[in-house]
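Visitor: Quick note on numbering: the sequence shown equals residues 13 to 157 in my numbering.
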Amino acid sequence: MIAIGSDHGGFALKEEIKKHLDQRQIPYEDFGAYSTDSVDYPLIAQKTCAAIVSGKCEKGILCCGTGIGISMAANKIKGIRAALCADYYSAKYTRLHNDANVICMGGRTIGPGLALELVDVFLATPFEGGRHARRVEQLAKLEEE
């Protein structure tokens, strides 16, 4: 199960991603926004990421206008490794090397065609482990300080 959420600036992109997930028969839960009415992205990030931390969802997709604010909010949550991605290489390697569990994108900065490619590679790419596992463990320790 994928957790998905957006603020008003990422709403249209989130809706395109949901259609894509439906076509690929990938289950998801939508944590808002549910329209283009103004909402606060930290609250959406919190609800979406809580589903990942609890184990209800495996990974997450978050969108706001630029992807920056919602990624900052997501990364404040213990256990979340959110990556703002706007290119294929970053979306692939944040999974391979960083074991990112949330991809963030900007609804006002990238188009839906690219966003869907990024979602696909993010969801399909496994964590490589090895020397990268040590670094992910170090990231987790930073949350404890």
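Glycine included, each C-beta is placed from N, C-alpha and C at the ideal position. Owing to the predicted nature of the structure, the values given are computational and were not obtained by experimental measurement.
1. What does DSSP give as the partner residues of V114 in its beta bridges?
2. Measuring straight from C-alpha to C-alpha, what distance separates I115 and D49?
3. Go ahead and pull the three-state DSSP assignment for E155.
4. For A94 versus S102, is the C-beta spacing smaller than 8 angstroms?
5. Does the beta-carbon of S18 have 16 or more other beta-carbons within 10 angstroms, so that it is buried, or is it exposed?
6. Does the separation of the CB atoms of G44 and K31 fall below 8 angstroms?
7. Based on Cα-Cα distance, which residue from Y46, Y53, V51, I14 lies nearest to D34?
8. Quick one: what's got a C-beta closer than 7 angstroms to H106's C-beta in the same chain, skipping five residues either side?
9. Are G91 and Y53 closer than 8 angstroms when you measure CB to CB?
10. Go through its chain and collect everything with a Cβ distance to V148's Cβ below 6 angstroms, but skip five positions before and after it.
11. Among G118, P124, Y100, whose alpha-carbon lies nearest the alpha-carbon of T137?
12. Count the other CB atoms, across all protein chains shown, that sit within 10 Å of the CB of G22; report buried if there are 16 or more and exposed otherwise.
Guide: The answer reads as follows:
1. Numbered from 1 along the sequence shown, position 102 holds the residue referred to as residue 114. In DSSP, V114 forms a bridge with G72, A94.
2. For the purposes of this step, residue 115 is taken as residue 103 along the sequence shown, with counting starting at 1. For the purposes of this step, residue 49 is taken as residue 37 along the sequence shown, with counting starting at 1. Spanning the two alpha carbons is a distance of roughly 23 angstroms.
3. Numbered from its first residue, the sequence shown carries residue 155 at position 143. Three-state result, E155: helix.
4. One-based indexing of the sequence shown puts residue 94 at position 82. One-based indexing of the sequence shown puts residue 102 at position 90. No; because the gap between Cβ atoms is not below 8 angstroms, this pair is not in contact.
5. On the sequence shown, position 6 is the one that residue 18 refers to. Buried: at least 16 other Cβ atoms inside 10 Å.
6. For the purposes of this step, residue 44 is identified with residue 32 of the sequence shown, where counting begins at 1. For the purposes of this step, residue 31 is identified with residue 19 of the sequence shown, where counting begins at 1. Not a contact, by the Cβ cut-off of 8 angstroms.
7. One-based indexing of the sequence shown puts residue 34 at position 22. Checked all of Y46, Y53, V51, I14; the closest Cα to D34 is I14.
8. The residue given as residue 106 occupies position 94 in the sequence shown. Per the sequence presented here, residue 106 reads as Thr, with His not at that position. The answer, listed in chain order, is A95, C97, A112.
9. Position 79 of the sequence shown, counted from the start, is the residue given in the question as residue 91. Position 41 of the sequence shown, counted from the start, is the residue given in the question as residue 53. Not in contact: G91 and Y53 (Cβ atoms no closer than 8 angstroms).
10. Taking the first residue of the sequence shown as 1, we reach residue 148 at position 136. D111, listed in sequence order.
11. If you number the sequence shown from 1, residue 137 lands on position 125. Of the candidates G118, P124, Y100, the one whose C-alpha sits nearest the C-alpha of T137 is Y100.
12. In the sequence shown, the residue the question calls residue 22 occupies position 10. Classification for G22: buried.
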